[in-house]
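Each remark here refers to the structure printed beneath this line.
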Amino acid sequence: MYPVMIVEDEVWIRNALIEMIERSDLPFFVAGEAEDGEDAYTKICEIWPMVLITDIQMPKLDGLSLIKRLHDAYVPIVPIVVSGYDEFAYAQQAIRYQVSEYLLKPVEEKALLEALERSLDRMANMKELHKPLGEFEAFLQGLHEGEPQRHFRELQSLIRSVLGFKGKKPAVRRGLLRLFDGQLRRLVEAGSLSQDKKDTQSQLHILESEDETGIQRHFASYVEAWFRMREQSAEHRMPYLVHLMKQCIHERYMDEISLQLAAEQAEISVAYASTLFKQHTGEPFITYLNRYRVEKSKELLLNPLLKVYQVADQTGFASIHYFNRVFKTFTGQTPLEFRKELGL
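Just so you know, the UniProt record's numbering puts 27 at position 27 of the sequence shown, and the rest follows in order with no gaps.
Given below as structure tokens:
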């Protein structure tokens, strides 16, 4: 199954796209959704979807700017643009960013599924790229445990595999190295007590060079910095940061909150927040948030005077459809079935 990210600021359109994909027989599943390009970029860097379905006109960061950012960062993803008629000519600009699929609103299910089917051919060329991305994500998740030497060996092996792209796909090699560099730099700088910031230009020079020993040494320095930082940090610091993120959920679950907002409250990067939260709670931020919202909604559902859509609104769910879906995921029942079982 291939992961898909849907980015659309209109909830009803986003939910309609999700339903079309979920009821199809194609090997795709919706791994994430966002209502603006900024939030989408953050989530894409966490879950590495293979297909992006995005609107053009959105707040904060529009769809074309999102695609451009992903293109410039060499993120391997197949973009599908969803466009209104008046914006369609504007969407042609995306051709330079390798967008080959355009869907006009209102999106027809047949057109969406055909676009996804055509995407399968393009994804066949990307599988070899997602392997190092998945290995790198596993490497980041495991940094909080184990001995430094093990992590040095893992990273060395990973970088060696990326350097193997040099001859046939130099742009891919360069893009993956930049992705890895950015993630590691943010991770170290976010939790650093006294780590000097590296000069960005000198870093790019190293990554663009043919000096494989220098590149390996460059990435090894991040692991060294990470373990120095971990030793310097007080033992209570990480649990406290998770406490701040949980506090954000407990106090603002009824509003539109995201991992980015919680990370800002804890004053750490989104990548570090994601890794840290899952390590200490055993589940991703969005799962914890939805679980907490469902528990709060169960309390409100005990009040027969409240309509289900009112409960959904008061617990931060963007639509009653999404509320029903999440509620059933955690309880095995819809909100109405939950009430019926209690005789309400």
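Here a beta-carbon is modelled for each residue, glycine too, at the ideal position from N, C-alpha and C.
Inter-residue spacing [alpha-carbon to alpha-carbon] between residue i and residue j
i: residue 197; j: residue 76; result: With a pLDDT of 48 at residue 197, under the threshold of 50, the modelled position of this residue cannot be trusted, and the question is left open.
i: residue 247; j: residue 288; result: 12 angstroms
i: residue 2; j: residue 48; result: 10 angstroms
i: residue 138; j: residue 43; result: 16 angstroms
i: residue 65; j: residue 50; result: 18 angstroms
i: residue 266; j: residue 160; result: 35 angstroms
i: residue 339; j: residue 165; result: 57 angstroms
i: residue 301; j: residue 112; result: 36 angstroms
i: residue 213; j: residue 156; result: 10 angstroms
i: residue 195; j: residue 119; result: Low confidence applies to residue 195: its pLDDT is 42, below 50, so where it sits in the model is not reliable enough to give any reading.
i: residue 234; j: residue 269; result: With a pLDDT of 46 at residue 234, under the threshold of 50, the modelled position of that residue is not reliable, and the figure given next carries that caveat. Distance between the alpha carbons of residue 234 and residue 269 is about 19 angstroms.
i: residue 20; j: residue 114; result: 12 angstroms
i: residue 73; j: residue 216; result: 20 angstroms
i: residue 35; j: residue 344; result: 35 angstroms
i: residue 41; j: residue 58; result: 13 angstroms
i: residue 193; j: residue 304; result: Its pLDDT being 40, under 50, residue 193 is placed unreliably by the model, and the measurement read from it follows with that caveat. In a straight line, the C-alpha of residue 193 is about 52 angstroms away from that of residue 304.
i: residue 337; j: residue 33; result: 26 angstroms
i: residue 333; j: residue 326; result: 10 angstroms
i: residue 253; j: residue 181; result: 33 angstroms
i: residue 178; j: residue 221; result: 15 angstroms
i: residue 31; j: residue 18; result: 10 angstroms
i: residue 363; j: residue 311; result: No answer is possible for residue 363: the residues shown for the chain start at 1 and end at 344.
i: residue 335; j: residue 313; result: 13 angstroms
CA nearest to the CA of residue i, picked from the options
i: residue 331; options: 296, 60, 121; result: 296
i: residue 245; options: 173, 274, 207, 25; result: 274
i: residue 290; options: 256, 10, 208; result: 256
i: residue 70; options: 60, 38, 101; result: 38
i: residue 148; options: 4, 14, 225, 320; result: 225
i: residue 345; options: 343, 58, 110; result: Summary: the structure shown does not reach residue 345, with the chain confined to residues 1 through 344, and so no result is reported for it.
i: residue 99; options: 267, 108, 116, 159; result: 116
i: residue 132; options: 158, 107, 253, 122; result: 158
i: residue 298; options: 324, 179, 285; result: 324
i: residue 208; options: 228, 229, 188, 176; result: 176
i: residue 170; options: 228, 124, 210; result: 210
i: residue 227; options: 40, 180, 143, 258; result: 143
i: residue 183; options: 22, 102, 45; result: 45
i: residue 223; options: 320, 250, 188; result: 188
i: residue 13; options: 342, 333, 335, 321; result: 321
i: residue 53; options: 60, 27, 307, 101; result: 101
i: residue 238; options: 250, 150, 258, 281; result: 281
i: residue 123; options: 151, 251, 335, 27; result: 27
C-beta contact flag for residue i and residue j at 9 angstroms
i: residue 219; j: residue 242; result: no
i: residue 55; j: residue 10; result: yes
i: residue 162; j: residue 153; result: no
i: residue 7; j: residue 29; result: no
i: residue 16; j: residue 107; result: yes
i: residue 293; j: residue 329; result: no
i: residue 186; j: residue 272; result: yes
i: residue 279; j: residue 141; result: yes
i: residue 80; j: residue 103; result: yes
i: residue 285; j: residue 262; result: yes
Strand pairing of residue i, partner residues [DSSP]
i: residue 11; result: Looking at the DSSP assignment, residue 11 forms no beta bridge with any residue, so it has no partner.
i: residue 2; result: 28
i: residue 34; result: 7
Near the ligand MN: residue i beta-carbon under 8 angstroms from a heavy atom
i: residue 13; result: By its list of ligands, the structure shown contains no ligand whatsoever, and the ligand MN lies outside what it can speak to.
Could I get the ranges of all uninterrupted alpha helix (DSSP H) runs contained in the UniProt domain "HTH araC/xylS-type" (243–341), with 4 residues as the minimum, in chain order? Those alpha helix (DSSP H) runs which fall completely within the UniProt domain "HTH araC/xylS-type" (243–341) and span 4+ residues are 259–266, 270–281, 285–301, 308–314, 320–331, 335–341.
In chain order, which alpha helix (DSSP H) runs of at least 4 residues are fully inside the region 42–118? Segments of the alpha helix (DSSP H) lying fully in the region 42–118: 63–72, 88–91.
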